[in-house]
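Heads up, the thing below is written out as structure tokens.
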Amino acid sequence: MKIDNSVYNFEEAEIVFAGAPLARSKTPNPLARKAPDLLRFSLNNKYDYDPLTGLNVFDELRIHDSGNAKNLGRLLSRRVMQKFFIIGGEHTITYDAVKVLNKSVKDLHVIIFDAHADARSKGEDNACFLRKIVDEVPAENIHLIGQRVFSGEEHEFMEEHGLKIHESLDLKNKNIYISFDIDVVDCVHVPTCSTPEPFGKSLEYYNDLLVKLCRNNNLISIDFVEFSGKEYDITYSNIASLIMNLLKTFLKE
């Protein structure tokens with residue numbers, strides 16, 4: 147499945163969607179493989195009209211859908227100026243993407259939305275990826291948002307590397323990669339995320355923060371990861387609405 151009206155080829159596109167249905171941890175979530183197409187289905191059922199500009203997303207933005215990538219790194223290495231929207235898949239995809247983009251993008255800042263630290267020294271790949279990110283990107287360029295569940299070992303790692311957890315973020319004029327693990331949102335809004343956690347902030351809160359970050363910075367890529375719904379449901383619908391709102395930030399009156 148591809149997004150309706152994604153009619154431009156890769157070279158022409160401003161926005162590139164790519165599915166990354168990877169589930170390769172030791173105890174993989176098989177439903178993560180279905181997420182890219184289920185989220186596309188949700189997007190295809192959203193209104194793309196923006197009342198603020200009077201414009202339609204799919205009429206104005208040059209959008210390409212690369213389908214589900216067999217080699218995400220190879221696809222990202224073709225980037226010239228396109229903004230990537232990556233649909234996971236497990237959180238392990240973030241490391242693959244950052245490793246490639248950090249080689250070609252100057253002073254890349256990585257912003258990680260997540261309920262969990264994902265900084266274990268051993269265990270599942272998707273619970274360890276932050277340690278790998280620190281090996282690729284300077285710690286001062288890594289920004290954590292929403293983490294509220296972590297071990298003593300992970301807390302020590304974050305303090306040792308000066309990694310701070312923010313409620314909000316006021317970055318401006320930076321090249322940014324955003325990783326959005328949907329469990330950062332309170333589980334009432336995303337009940338079929340892979341590892342639901344209570345006591346998170348609302349979908350509206352994170353929508354507003356993401357919109358602000360995209361308006362004030364140069365978005366290189368954003369990923370959405372850790373879905374576990376086996377069919378179209380409120381989780382996919384809510385995240386599709388969030389993505390549509392982000393696309394609207396790139397419309398020009």
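Residues 147 to 399, numbered by my numbering, are exactly what the sequence shown covers, in order. Note that the Cβ used here is the ideal one computed from N, Cα and C, for glycine as well.
Asked: Taking Tyr-323 as part of the alpha helix (DSSP H), name the residues at either end of that continuous run.; Found: Per DSSP, Tyr-323 belongs to no alpha helix (DSSP H); it is in the beta strand (DSSP E), 321-327.
Asked: By the 10 Å Cβ neighbour count, where 16 or more other Cβ atoms means buried, how is Pro-197 classified, buried or exposed?; Found: exposed
Asked: Arg-266 and Glu-343 look like a contact to me (Cβ under 8 Å); what is the Cβ gap, rounded to whole Å?; Found: The pair is not a contact, with the Cβ atoms about 16 Å apart (cut-off 8 Å).
Asked: Considering only the alpha carbon of each residue, which of Lys-358, Lys-245, Leu-349 lies closest to Leu-317?; Found: Lys-358
Asked: Please list the segments of the alpha helix (DSSP H) lying wholly inside the stretch 275-306, counting only runs of 4 or more residues, in order along the chain.; Found: 275-282, 298-306
Asked: What does DSSP give as the partner residue(s) for Ser-367 in the beta ladder?; Found: Phe-230, Tyr-323
Asked: Short check: CB of Phe-373 to CB of Ile-324, under 8 Å?; Found: no
Asked: Which residues does DSSP pair with Phe-204 in a beta bridge?; Found: In DSSP, Phe-204 forms no bridge with anything.
Asked: What does a CB cutoff of less than 6 Å around Ile-232 pick up in its chain, not counting 5 residues either side in sequence?; Found: Ala-164, Ala-166, Asp-369
Asked: Between which two residues does the alpha helix (DSSP H) harbouring Leu-222 extend?; Found: 218-222
Asked: With a CB to CB cut of under 8 Å and the five nearest residues on each side skipped, what residues in its chain are close to Asn-214?; Found: Ala-164, Gly-165, Ala-166, Pro-167, Pro-182, Asp-183
Asked: Answer yes if the stretch 253-266 comes into contact with the stretch 282-302, meaning at least three C-beta pairs across the two stretches below 8 Å, and no otherwise.; Found: yes
Asked: Nearest CA to the CA of Leu-315: which residue from Leu-185, Cys-360, Asp-253?; Found: Cys-360
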